[in-house]
Amino acid sequence: MNYFSSNFKLGILGGGQLGKMLLNDTRKFDIHTCVLDASNEAPCKIASNEFHLGDLMNYDTVYNFGKLVDVLTIEIENVNVDALEALEKEGIKVYPASKTLRTIQNKATQKLFYVDHNLPTAPFSRFAYTSEIEEAINHGGLTMPFVWKCAQFGYDGTGVKIVKTRHDLEGLPNVECIAESLVPFKNELAVIVVRNPSGDIKTFPVVEMEFHPEANQVEYVICPARISDDVAKKATEIALKTSKSFNHIGLLAVEMFQTQNDDILINEVAPRPHNSGHQTIEASYTSQFEQHLRAILDLPLGRTDNKVGGVMVNLVGAEGYTGNVVYENIQTIMKMDGVTPHIYGKKQTRPFRKMGHVTIVNEDINEARKVAEEVKKSIKVISE
1 MNYFSSNFKL GILGGGQLGK MLLNDTRKFD IHTCVLDASN EAPCKIASNE
51 FHLGDLMNYD TVYNFGKLVD VLTIEIENVN VDALEALEKE GIKVYPASKT
101 LRTIQNKATQ KLFYVDHNLP TAPFSRFAYT SEIEEAINHG GLTMPFVWKC
151 AQFGYDGTGV KIVKTRHDLE GLPNVECIAE SLVPFKNELA VIVVRNPSGD
201 IKTFPVVEME FHPEANQVEY VICPARISDD VAKKATEIAL KTSKSFNHIG
251 LLAVEMFQTQ NDDILINEVA PRPHNSGHQT IEASYTSQFE QHLRAILDLP
301 LGRTDNKVGG VMVNLVGAEG YTGNVVYENI QTIMKMDGVT PHIYGKKQTR
351 PFRKMGHVTI VNEDINEARK VAEEVKKSIK VISE
């Protein structure tokens, strides 16, 4: 099939920053894109060939949009899966498949999937409502501390809370949820696996993620991870086994814990371009975004190794600031060697909202990490 400078149409559900970065590569290849998003301010609006306004959870909206395109992909998981299933039955290629999305959308089903497929993950209990947790604690069926996760629609630190005392349960929404054993890990790692319909598979190098203690958001992504070859090999093998179990096409980011005795446990997965792969734009031979396109269009996959070490710093809205965004000291960081800011195009900031990221590249990963700290200290995302 001819994708380039042709009548072929690629549909993207979601118009956020992941879509915007994906569109850099569709423009590079001159692939016609249609984007659906609920916000008229979506970052993708300016970069797509056709922008459609609509609710991603509405069956008719997603179904009718899907009928306009040849291949449909996502940049956010919260989309109407029933519509995707209907489109697949009518011959529209949907990657990731509706079946994969249905499993991943719900954290309880996702965890059960790992258990059923013999994939290592932290022990957990499933609850129809948060209110049932009190009872489980009273009867000794659940011991603190544990991690509370709402089963649906949680992302980037929302819908996740560490529960150390009963007091921590106060104010949590009364929804379907899981209580997961708190893993005393020494590292959070991620591997992005990519696979096309022809069955070609590649993995990006293992990355290490450092988290913000309060916001539960990634602060730094470090690639390559500063871990032993044995641990890297184990993490990569588990990521490959996970992708195979899902029979996944496109990108699959597998987030994992490295325990104190170097076991690897799966935390969760994302079937799309992911925060743990943003540094690939500057640091890799093929970015995760180009690789996702190659995979879903069944083109040959590109090289995944690093040209250079890369660290990614998330730019999130500073606490205490809401309104029209201002990037304070951005000139300061641009004076530093190997530093590239990516601004997502969201006009309004609020505390902890993802507004952009900065990549720092250096032959020496420890040096890149030092510069990343300087970047983090210098730049502030505030409002007018």
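Using full-length UniProt numbering, you'd call the opening residue of the sequence shown number 1 and step up by one each time.
Ideal Cβ placement from N, Cα and C applies to all residues, glycine included.
Next item on the list: Report the option in Val193, Tyr220 and Cys34 whose CA atom is closest to the CA atom of Leu315.
Entry: Tyr220
Next item on the list: Thinking Glu180 and Val147 are a contact (beta carbons under 8 Å), I'd like their distance in whole angstroms, please.
Entry: 4 Å
Margin query: Within the continuous beta strand (DSSP E) that includes Leu84, where are the two ends?
Written below: Element bounds for Leu84: not the beta strand (DSSP E) but the alpha helix (DSSP H), Val81 to Lys89.
Check: Given that a residue counts as buried once 16 or more other Cβ atoms are within 10 Å of its Cβ, and exposed if not, what is Glu237?
Finding: exposed
Notebook entry, point to check: What is the DSSP secondary structure of Phe124, reduced to helix, strand or coil?
Noted result: strand
Item checked: First and last residue of the uninterrupted alpha helix (DSSP H) at Gln17 -> Gln17 to Phe29
Next item on the list: Name, in chain order, the residues that DSSP records as bridge partners for Asn306.
Entry: Ser284
Next item on the list: Identify the continuous alpha helix (DSSP H) that holds Arg369 and give its terminal residues.
Entry: Ile365 to Ser378
Margin query: Suppose contacts are defined by Cβ-Cβ distances below 8 Å. Is Gly14 in contact with Asp37 by that definition?
Written below: yes
Note to self: In the DSSP assignment, the alpha helix (DSSP H) including Arg195 goes from what residue to what residue?
What the structure shows: It is not in any alpha helix (DSSP H) - Arg195 instead sits in the beta strand (DSSP E) that spans Phe185 to Arg195.
Notebook entry, point to check: Going along the chain, which residues of its own chain have a beta-carbon closer than 7 Å to the beta-carbon of Ala253, five neighbours each way excluded?
Noted result: Ala190, Ile192, Val269, Ala270, His274, Ser276 and Gly277
Checklist line | Residue nearest to His212 in terms of C-alpha spacing, selected from Gly356, Phe352 and Glu75 | finding: Phe352
Check: Per DSSP, what kind of secondary structure is His139 in: helix, strand or coil?
Finding: coil
Note to self: Please report the distance separating the alpha-carbon of Leu301 from that of Lys28.
What the structure shows: 16 Å
Margin query: Using a Cβ-Cβ cutoff of less than 7 Å, which residues in the same chain neighbour Leu23 once the five nearest sequence positions on both sides are dropped?
Written below: Thr33, Cys44, Ala47 and Ser48
Check: Are the region 91-111 and the region 130-141 touching, with three or more C-beta to C-beta distances below 8 Å?
Finding: no
Next item on the list: Within 10 angstroms of the Cβ of Lys346, are there 16 or more other Cβ atoms? Answer buried if so, exposed if not.
Entry: buried
Next item on the list: For my contact list, Thr340 and Glu282 are in at a C-beta cut-off of 8 Å; report their separation, rounded to the angstrom.
Entry: 6 Å
Next item on the list: Keeping to the same chain, check which residues put their C-beta closer than 6 Å to that of Arg350; ignore five residues upstream and five downstream.
Entry: Gly317 and Thr322
Note to self: Do Val311 and Gln288 count as a contact pair if the criterion is CB distance below 8 Å?
What the structure shows: no
Next item on the list: For Glu384, I'd like the list of residues in its chain whose CB is within less than 7 Å of its CB, leaving aside the five on either flank, ordered along the chain.
Entry: Gly323, Asn324 and Val326
Notebook entry, point to check: In this structure, what does DSSP give as the bridge partners for Lys178?
Noted result: Note that residue 178 corresponds to Ile in the displayed sequence, not to Lys. BP columns for Ile178 point to Arg126 and Lys149.
Next item on the list: For Gly19, count neighbouring C-beta atoms within 10 Å of its own C-beta (all shown protein chains included) and say buried if the count is 16 or more, exposed if not.
Entry: buried
Checklist line | Pro43, DSSP secondary structure in three states | finding: helix
Margin query: Can you tell me whether Asp37 is helix, strand or coil according to DSSP?
Written below: strand
Checklist line | Among Phe185, Glu208, Lys380 and Ile74, the one whose alpha carbon lies nearest that of Gln331 | finding: Lys380
Note to self: Based on DSSP bridge pairs, tell me the residues matched to Pro341.
What the structure shows: Val358
Check: Do three or more CB pairs link the region 223-231 to the region 72-82 at distances below 8 Å?
Finding: no
Checklist line | Thr349, DSSP secondary structure in three states | finding: strand
Item checked: Cβ-based neighbour list, Ile296, same chain, cut-off 7 Å, excluding 5 preceding and 5 following -> Val71, Thr73, Tyr95, Ile249 and Gly250
Item checked: Element boundaries [beta strand (DSSP E), containing Glu237] -> No beta strand (DSSP E) contains Glu237, which is instead part of the alpha helix (DSSP H) from Asp229 to Phe246.
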